[in-house]
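Written out below as C-alpha cells is the structure these notes cover.
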Amino acid sequence: MRAHMGVPLIDARDLVRTYAMGGATEVFAVRGVSLSVDAGEFVALQGPSGSGKTTLLNLLGLLDRPDSGALTVAGVDASGLSENARADMRRDRFGFVFQTFNLIPVLSARENVEYPMAIAGRPASERKARAEDLLSTVGLAGKAGVRPDLLSGGQRQRVAIARALANEPAVVFADEPTANLDSHTADGILELMRRLCDASGVAFLFATHDPRVVEQARRVVALHDGRIESDAVKG
Amino acid sequence: MSPLALAWRNLVRQRRRTLLMGIVVAFGFAAFALAGGFIAQSFEGLREGTIRSVGQLQAVDRRAVASAEETTLQFGIPNAVRARALVAADPAVSSVLPRIDFVGLASNGSKSVPYLGVGVDPEPEAAATGAREMVVSGSYLSGDGGEGVLLGTGLAAALGAKAGDRITLMATTPDGSLNAVDALVRGLVDVRIKELNDRYVAAGTPLVSRLLQTEGTVSKLVIFLKPRVDEAAAAARIRAALTGAGYPVVVRGWRELALFYEQVKLLYVGIFGFVGTVLVVIVILSAAIVMTMAVVERTREIGTVRALGTRPSGVLRLFLAEGVLIALLGCAAGAVFALLVRAGLNAWGFTLPPPPGGTHGDPIHVQVYPLAYAAGFVAMLLTMTIASYFPARRAARLSIVEALAHV
Chain W
0 MRAHMGVPLI DARDLVRTYA MGGATEVFAV RGVSLSVDAG EFVALQGPSG
50 SGKTTLLNLL GLLDRPDSGA LTVAGVDASG LSENARADMR RDRFGFVFQT
100 FNLIPVLSAR ENVEYPMAIA GRPASERKAR AEDLLSTVGL AGKAGVRPDL
150 LSGGQRQRVA IARALANEPA VVFADEPTAN LDSHTADGIL ELMRRLCDAS
200 GVAFLFATHD PRVVEQARRV VALHDGRIES DAVKG
Chain H
0 MSPLALAWRN LVRQRRRTLL MGIVVAFGFA AFALAGGFIA QSFEGLREGT
50 IRSVGQLQAV DRRAVASAEE TTLQFGIPNA VRARALVAAD PAVSSVLPRI
100 DFVGLASNGS KSVPYLGVGV DPEPEAAATG AREMVVSGSY LSGDGGEGVL
150 LGTGLAAALG AKAGDRITLM ATTPDGSLNA VDALVRGLVD VRIKELNDRY
200 VAAGTPLVSR LLQTEGTVSK LVIFLKPRVD EAAAAARIRA ALTGAGYPVV
250 VRGWRELALF YEQVKLLYVG IFGFVGTVLV VIVILSAAIV MTMAVVERTR
300 EIGTVRALGT RPSGVLRLFL AEGVLIALLG CAAGAVFALL VRAGLNAWGF
350 TLPPPPGGTH GDPIHVQVYP LAYAAGFVAM LLTMTIASYF PARRAARLSI
400 VEALAHV
C-alpha cells in the first residue's frame with residue numbers, strides 16, 4: 000500500500016459492495032477495499048474476470064453506491080451526497096471512457112464532446128471551440144461533423160476520450176478502454192491517454208485485464224475476489 | 000444541445016417508430032377535430048331548426064303556461080295587430096309572427112281526417128322560417144293566404160288531396176259550436192316529421208279566424224331577433240311593453256321552449272365524450288408502449304448520459320420532450336388530414352339517415368370548428384405527456400451501472 004502526502008484526489012476506505020444472486024444469496028463484488036488516488040496518476044486496476052475491478056471503478060466514479068465504507072473526492076465526503084449532487088460531481092470532476100465507446104449516436108463527434116459542457120451550462124461558443132480543440136488534440140480535427148456510426152472503433156474511442164476531458168476533470172475512469180480495439184489502435188489510444196495524463200495532470204484510472212494497459216500504467220493495483228492483492232508503483 | 004434539439008434528433012433517428020406514433024396522434028387529433036366539427040354542425044342545425052320552428056322568443060298569455068286551454072283560443076292574445084306592433088317597435092326585433100294553433104277535422108266530402116292546424120301570416124312566416132322550402136308540390140300561400148291551405152303530405156294522402164283540390168276544414172269555435180270553411184289546397188308540404196306530416200294544416204290567419212270566429216285573436220306571437228342582440232334583455236323589454244299595454248303575457252326563450260335541444264345536446268356530449276375518452280386511452284396506451292420500447296432500446300445511452308453527469312430530471316425532460324414533439328408533429332399532420340377528410344366529406348354530399356320519426360336525413364357538412372382543433376391539440380399534448388411521463392420516469396430512475404451493462 001502507498002503512503003500519501005496531503006488530501007488525496009480520491010480516498011476510499013473499506014468499501015464493500017455485494018449483489019444479491021437470487022434468494023438470500025449475496026455475492027461480495029468488493030470486500031473492504033481501501034484505495035487512494037492522487038492527481039496525475041496513471042493507475043491500472045488489474046485482475047481476472049469477477050475480481051471486482053469494474054465494480055470498484057463504478058464505486059470510485061460515483062456510478063454506484065457502496066453497501067458500506069467511506070469515499071471522499073477532493074476532501075468531500077461523497078457517501079451522503081444526493082443523486083443530483085453525485086451527478087454534478089461526475090459532470091464537473093470526472094470523465095468516463097467505456098469499453099463500447101458509448102457515444103450518443105444522434106450527435107456528431109463535436110456534439111458528443113460538447114455534451115458534458117452543455118449540461119454544465121457552458122456557453123455554446125466556448126463549447127464549440129473547446130470541443131474542436133479537444134478533437135484536434137486526439138487527432139480527429141477533420142471529423143468534428145461526423146456521426147459515430149461513420150467512425151472506426153479507434154476514432155470513436157478518441158472521441159470518447161475527448162468527451163471525457165471536456166469539463167477539465169480531475170480524473171478519468173476508463174473501463175476496459177482497449178478491449179474492443181485491435182492491438183495497433185489500442186497502443187495508439189494508450190499512448191494518447193498517457194500523453195494527456197502527462198500534459199494536463201488528469202489522473203487516469205483503468206479497469207483492465209489487457210497486459211498492454213498494465214505495461215503502460217505507472218501504478219498497478221491487482222484485485223482478486225474483491226480484495227486488493229497488491230498495489231505497486233513502477234519505478 | 001437543448002433537450003428539444005436532442006429529442007428531435009432521436010425522433011429522426013427512429014423514423015419508423017416516430018412515424019407510427021405520429022400517425023396514432025394524427026388520427027387521434029383528426030378524430031377530435033372532425034367529431035368536434037360534426038358536433039358543431041349538428042348543434043348549429045338543431046339550434047337553427049328549433050328557432051325556425053318556435054322562434055327565438057315567444058309571447059303567450061301567462062295562463063297558457065300554467066294550464067291547458069279548455070276551448071280554442073281560451074288563453075289567446077286579443078287585438079293581435081296592436082300587440083304585434085308593440086313588439087315590432089323593440090329595436091332588437093327583426094320580425095313578429097302571429098300564430099293560431101287549432102285542431103279539427105279535414106274532409107274531402109267522403110272522408111274526414113283529424114288535423115293539427117296553424118294559422119300564419121304567410122309572407123313574414125316564409126321570410127323568417129323558410130316555410131316556403133317545405134313545399135313539395137303546388138305552391139306556398141299567397142298574400143294573406145285567402146282561402147288557401149297547405150297540407151302535410153301524409154294528411155293529403157289520407158284525404159286523397161292534391162294541389163288545386165278543395166277540402167272542408169271543421170273546428171270548434173271558442174263558444175263550443177262547430178264551424179266549417181271551404182279551403183283550396185295550394186300545396187303539399189313535408190315538415191320533416193312523419194307524425195306531423197300526417198296531421199299538418201297551415202292557413203292564413205284570416206281564414207283560421209273565420210273558421211274559429213275569433214277575429215283579431217292569436218295563440219302566440221313568435222318573435223325573431225336581429226343578430227347578436229341580448230336575448231334575455233330583449234325578452235324582458237318585450238314583456239314589459241306588452242304587460243304595460245294590458246297583455247298578461249310571459250315571454251320565453253327558445254331554449255325554454257325546446258327542452259329536447261338541451262337533452263339532445265347532453266346526449267351528443269355524452270356519446271362523443273365517451274368515444275373521446277376511449278380514443279385518449281388508446282393513444283395513451285399506444286404511446287406508452289412505444290415510449291417504453293424507446294427507453295428499453297436506449298437503456299445504455301441513458302446510462303451513458305447519466306454517467307456523464309445528466310441529472311435524473313434531465314433524462315425525464317429528454318423523453319418528455321420526445322413525447323411533446325411527437326404530439327406537435329402528429330397534431331400538425333392530423334390538422335392537415337382532418338381538413339382533407341372534411342373537404343372530401345363535404346364534397347361527397349353524404350347524407351345521414353333521418354333521425355327517429357324524421358322523414359329526411361341531413362347532408363354531412365363538417366365545419367372547421369377552431370375549439371375542436373384546440374381541444375384535439377390539448378388532448379393529444381396531454382395524452383403524449385402522460386404516455387411519455389411514466390417511461391421517462393423509469394428511464395430517469397434506472398441504475399446507472401445496470402443501464403451501462405444493458406445489452
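Chains as they are written, first to last, in numbering that gives the first Met the number 0: chain W, 0 to 234; chain H, 0 to 406. Note that the Cβ used here is the ideal one computed from N, Cα and C, for glycine as well. These figures come from a predicted structure and were not determined experimentally.
Please decide whether residue i counts as near chain H, where near means a Cβ-Cβ distance under 8 Å.
i               : result
L62 of chain W  : yes
N242 of chain W : Any question about residue 242 of chain W goes unanswered here, given that chain W covers just 0 to 234.
I160 of chain W : no
A175 of chain W : Looking at the sequence shown, residue 175 of chain W is not Ala but Glu. No, because no Cβ of chain H sits closer than 8 Å to the Cβ of E175 of chain W.
Y18 of chain W  : no
D87 of chain W  : yes
E82 of chain W  : yes
R30 of chain W  : no
P147 of chain W : no
R90 of chain W  : yes
Quick check on this structure: which residue in the options has the alpha carbon closest to the alpha carbon of residue i?
i               : options                           : result
S52 of chain H  : H:I76, H:V250 and H:G129          : H:G129
L18 of chain H  : H:I50, H:R254 and H:S285          : H:S285
A156 of chain H : H:V188, H:S141, H:P173 and H:A125 : H:V188
A232 of chain H : H:G36, H:K219 and H:V250          : H:V250
L183 of chain H : H:Q13, H:D197, H:A201 and H:E194  : H:A201
F26 of chain H  : H:Q262, H:L3 and H:L278           : H:L278
T152 of chain H : H:L195, H:D100, H:I237 and H:R14  : H:L195
R81 of chain H  : H:T171, H:Y246, H:D120 and H:L115 : H:Y246
D224 of chain W : W:E131, W:V145 and W:G49          : W:G49
I118 of chain W : H:T350, H:L327, H:V377 and H:L307 : H:L307
L149 of chain H : H:Y114, H:G75 and H:V304          : H:Y114
The beta strand (DSSP E) spanning residue i covers which residue range?
i               : result
Y246 of chain H : Y246 of chain H -> no beta strand (DSSP E), and no H or E assigned at all.
Y199 of chain H : Y199 to G203
N178 of chain H : L177 to V188
Y114 of chain H : S111 to V119
L95 of chain W  : Here the sequence assigns Phe to residue 95 of chain W, which means Leu is not the residue at that position. F95 of chain W -> beta strand (DSSP E) spans F93 to V96.
A43 of chain W  : F41 to Q45
V170 of chain W : V170 to D174
M169 of chain H : R165 to T171
S33 of chain W  : E25 to V36
Can you tell me where the alpha helix (DSSP H) holding residue i begins and where it ends?
i               : result
P311 of chain H : P311 to W347
H183 of chain W : S182 to S199
M292 of chain H : L258 to E296
G137 of chain H : Looking at the DSSP string, G137 of chain H is not in any alpha helix (DSSP H); the run it does join, the beta strand (DSSP E), is V134 to G137.
Are the C-beta of residue i and some C-beta of chain W separated by less than 8 Å?
i               : result
V314 of chain H : no
A306 of chain H : yes
N464 of chain H : Past the boundaries of the shown model lies residue 464 of chain H; chain H is included only from 0 to 406, so the question cannot be answered.
Find the residues of chain H that neighbour residue i, judging by a C-beta separation of less than 7 Å, and give them in chain order.
i               : result
R217 of chain W : What R217 of chain W touches in chain H: nothing, since even the nearest Cβ is about 25 Å away.
P115 of chain W : L307 and G308
Could you work out which residues of chain W lie near residue i, taking near to mean beta carbons separated by less than 7 Å?
i               : result
E321 of chain H : The premise fails here: E321 of chain H is roughly 11 Å from chain W at the closest Cβ pair, so nothing lies under 7 Å.
V400 of chain H : N57, L62 and D63
T309 of chain H : A86 and I118
My output table needs one value for residue i: the three-state DSSP class, helix, strand or coil.
i               : result
A2 of chain W   : Summary for A2 of chain W: the model assigns pLDDT 42, below 50, so the residue's position carries little reliability; its value from the coordinates is reported in the next sentence. Here A2 of chain W sits in coil by DSSP.
P388 of chain H : According to the sequence displayed, residue 388 of chain H carries Tyr and not Pro. Looking at Y388 of chain H - three-state DSSP - the assignment turns out to be helix.
P7 of chain W   : coil
F101 of chain H : strand
M20 of chain W  : coil
G147 of chain H : strand
I38 of chain H  : helix
F100 of chain W : coil
L56 of chain H  : strand
K233 of chain W : coil
F74 of chain H  : coil
P2 of chain H   : helix
Along chain H, in chain order, which residues have C-beta atoms closer than 8 Å to that of residue i?
i             : result
I9 of chain W : Ordered by position in chain H, no residue passes the 8 Å Cβ test against I9 of chain W, which lies about 16 Å from the chain.
Since residue i meets chain W, which of its residues come closer than 9 Å, beta carbon to beta carbon?
i               : result
T303 of chain H : F95, F97, N101, L102 and I103
R12 of chain H  : P104 and V105
Using a C-beta to C-beta distance shorter than 8 Å, which residues of chain W count as neighbours of residue i?
i               : result
L266 of chain H : Near L266 of chain H there are no residues of chain W at all, since even the closest Cβ is about 49 Å away, more than 8 Å.
E300 of chain H : N101, I103 and P104
L403 of chain H : L62, F97 and N101
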